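>
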Amino acid sequence: MDSLFLKTLNNEKSARPPFWFMRQAGRYLPEYRALREKADGFMNLCLNSKLACEVTLQPISRFNPDAAILFSDILVVPYGLGVGVDFVEGKGPILDAVNDKSDLARLNYQVHKTRIESTYDTVQLCREKLSADKVLIGFAGSPWTVATYMVEGGSSKNYVKVKSWAYKDKASFSALIEIIVDATIEHLIRQIESGAEVIKLFDSWAGVLSPKEFKEWVILPTKEICEQLKSKYPSVKIIGFPRGAGPNYLDYVNKTSIDAVAIDTNVCPLWAANSFGKEVIIQGNLDPVSLLAGGDAMLRETSSIIKAMGSRPHIFNLGHGVLPETPPENVERLAAYIYSLDEG
Numbered sequence: 008m009d010s011l012f013l014k015t016l017n018n019e020k021s022a023r024p025p026f027w028f029m030r031q032a033g034r035y036l037p038e039y040r041a042l043r044e045k046a047d048g049f050m051n052l053c054l055n056s057k058l059a060c061e062v063t064l065q066p067i068s069r070f071n072p073d074a075a076i077l078f079s080d081i082l083v084v085p086y087g088l089g090v091g092v093d094f095v096e097g098k099g100p101i102l103d104a105v106n107d108k109s110d111l112a113r114l115n116y117q118v119h120k121t122r123i124e125s126t127y128d129t130v131q132l133c134r135e136k137l138s139a140d141k142v143l144i145g146f147a148g149s150p151w152t153v154a155t156y157m158v159e160g161g162s163s164k165n166y167v168k169v170k171s172w173a174y175k176d177k178a179s180f181s182a183l184i185e186i187i188v189d190a191t192i193e194h195l196i197r198q199i200e201s202g203a204e205v206i207k208l209f210d211s212w213a214g215v216l217s218p219k220e221f222k223e224w225v226i227l228p229t230k231e232i233c234e235q236l237k238s239k240y241p242s243v244k245i246i247g248f249p250r251g252a253g254p255n256y257l258d259y260v261n262k263t264s265i266d267a268v269a270i271d272t273n274v275c276p277l278w279a280a281n282s283f284g285k286e287v288i289i290q291g292n293l294d295p296v297s298l299l300a301g302g303d304a305m306l307r308e309t310s311s312i313i314k315a316m317g318s319r320p321h322i323f324n325l326g327h328g329v330l331p332e333t334p335p336e337n338v339e340r341l342a343a344y345i346y347s348l349d350e351g
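Each residue of the sequence shown is one higher than the last, beginning at 8 in the numbering used here.
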């Protein structure tokens, strides 16, 4: 029998929405911080199957959400392509930047993918330990967002390097995107083969593109990934998250072959419910700061989002990830509130 989460993704409405939280495993949990110290670095934690599985399951034990999401990072794909990736405390990710077309030759997933092989062991271990009513979500970064990190060499405030390359030499930038697309498809297929039942594509920096570039670098690569996965695994559901897309959300929903769309905090849930086709499930979209602040205001906002969905099936989540300063008891209270909706 399908879980509540999968029933919802198959367009069945329920008394309460299934829920999970982006970054539900993370720095706000003391047990996570203890494991991260033990792992000697973030990438080591991601690639240690036993520890990564433990982190994946930590929020399940605490809050009992309807889904666990694999503990990993979107930068494992560049790492699997042979790019140097490091996480520096206080600075975030630092990558050995891909500067122009002359660097494309050093990207070789078939040569370097053994570096991330342990990811699939983590997926298998998590699926074995999760109860049947819990869904395991696998994921990857969408090609545009992954490319931003690879070209900028880390986080960026203005994305000048990556956008300049895309404007100046579209052919070679397209080649970079295609390299990422191919690696991402293989990475996600391996996750599905290892036990992931749902896939999420994170396009964290989709919102920095013009509508024309959004179509080129967000919609088309996402569509290619979705179609390739669905041709091989038609029953696996795909959630897309083009954060910051604004009005481009409509094209994203209509043209990418996703099954569900995660809306960010800036999207009005009522607008989404009235604008998106009924066949697409909406996920979202409580402000992470509302969760951090907690209290009755958090519950009122949660109720408002759920009511805005009307008769549509809906997956409750945040509009972005849980903030590191969030008190775990706020998450506990929110989870309890959502469960109480089952009681009428």
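Yeah, the Cβ is synthetic: ideal placement off N, Cα and C, and Gly gets one too.
Remember, it's a predicted structure, so these values are computed and weren't measured experimentally.
From which residue to which residue does the alpha helix (DSSP H) around residue 87 run?
83–87
> Please list the terminal residues of the continuous alpha helix (DSSP H) segment that includes residue 31.
Residue 31 -> no alpha helix (DSSP H), and no H or E assigned at all.
> In chain order, which alpha helix (DSSP H) runs of at least 4 residues are fully inside the stretch 118–142?
125–136
> Do residue 122 and residue 348 come within 8 Å of each other at the CB atom, strictly closer than that value?
no
> Three Cβ pairs or more, each shorter than 8 Å: is that satisfied between the stretch 189–205 and the stretch 134–149?
yes
> So, helix, strand or coil for residue 327, using DSSP?
coil
> Hey, quick one: how far does the beta strand (DSSP E) through residue 101 stretch, first residue to last?
99–102 is the extent of the beta strand (DSSP E) around residue 101.
> So residue 268 is in the beta strand (DSSP E); what residue range does that whole segment cover?
267–269
> Return the first residue and the last residue of the beta strand (DSSP E) that residue 161 is part of.
Residue 161 -> no beta strand (DSSP E), and no H or E assigned at all.
> Can you tell me which residues form a DSSP beta bridge with residue 321?
289
> So, for residue 331: in the same chain, excluding its five sequence neighbours on each side, which residues have a beta-carbon less than 8 Å away from its beta-carbon?
Closer than 8 Å at Cβ, skipping near neighbours: 33, 34 and 35.
> First and last residue of the alpha helix (DSSP H) that includes residue 112?
Unbroken run through residue 112: none, as it is neither H nor E.
> What would DSSP say about residue 154, mapped onto helix, strand or coil?
DSSP places residue 154 within a helical segment (H, G or I) once states are collapsed to three.
> Let me check understanding here. Comparing Cα to Cα, which of 81, 251 and 308 lies closest to residue 298?
308
> Please name the residue in 182, 178, 341 and 295 whose C-alpha comes closest to that of residue 303.
341
> Suppose you measure from the CA of residue 138 to the CA of residue 74; what does that come to, to the nearest Å?
10 Å
> Measuring CB to CB, does residue 64 end up less than 8 Å from residue 52?
no
> Please check the pair residue 232 and residue 266, which I expect to be a contact at CB under 8 Å, by giving their CB distance rounded to whole angstroms.
Not really, about 13 Å apart at Cβ, beyond 8 Å.
> From 291, 319, 315 and 339, pick the residue whose C-alpha is nearest to that of residue 325; which is it?
291
> Which ranges would you report for the alpha helix (DSSP H) in the stretch 193–271 if only whole runs of at least 4 residues count?
Entirely contained in the stretch 193–271, the alpha helix (DSSP H) runs reaching 4 residues are, in chain order, 218–221, 227–239 and 256–262.
> So, is residue 18 buried or exposed, given that buried needs 16 or more other C-beta atoms within 10 angstroms?
exposed
> With 16 as the cutoff for other CB atoms within 10 Å, does residue 47 come out buried or exposed?
exposed
> Could you give the residue range of the alpha helix (DSSP H) that holds residue 342?
335–347 is the span of the alpha helix (DSSP H), which, as asked, contains residue 342.
> Could you have a look at residue 75 and say whether DSSP puts it in helix, strand or coil?
strand
> Do you know whose CA, among 209, 252, 200 and 242, lies nearest residue 84's CA?
209
> Could you check where the beta strand (DSSP E) with residue 93 kicks off and where it finishes?
92–95
> In the DSSP output, what is residue 146 paired with across the bridge?
207
> My understanding is that residue 161 touches residue 100, with C-beta atoms under 8 Å, so please give their C-beta distance in whole angstroms.
5 Å
> Quick check on DSSP: helix, strand or coil for residue 283?
DSSP places residue 283 in coil when its eight states are reduced to three.
> Using the DSSP secondary-structure output, state which residues sit across from residue 49 in a beta bridge.
In the DSSP output, where bridge partners are listed per residue, residue 49 has none listed.
> On a CA-only basis, which of 191, 154 and 165 is nearest residue 180? Give me that one, please.
It is 154.
> In angstroms, rounded to a whole number, what distance separates the CA positions of residue 11 and residue 245?
The alpha-carbon atoms of residue 11 and residue 245 are separated by roughly 16 Å.
> Assuming residue 300 is part of the alpha helix (DSSP H), what are its boundary residues?
295–300
> Going by beta carbon distance, what residues of the same chain come within less than 8 Å of residue 295, once the five residues before and after it are set aside?
272, 325, 326, 327, 328, 329, 330 and 333
> Buried or exposed: where does residue 117 fall if 16 or more other Cβ atoms within 10 Å of its Cβ makes it buried?
exposed
> Return the chain-ordered list of same chain residues with a C-beta closer than 6 Å to the C-beta of residue 58, the five sequence neighbours on each side being excluded.
42, 46 and 52
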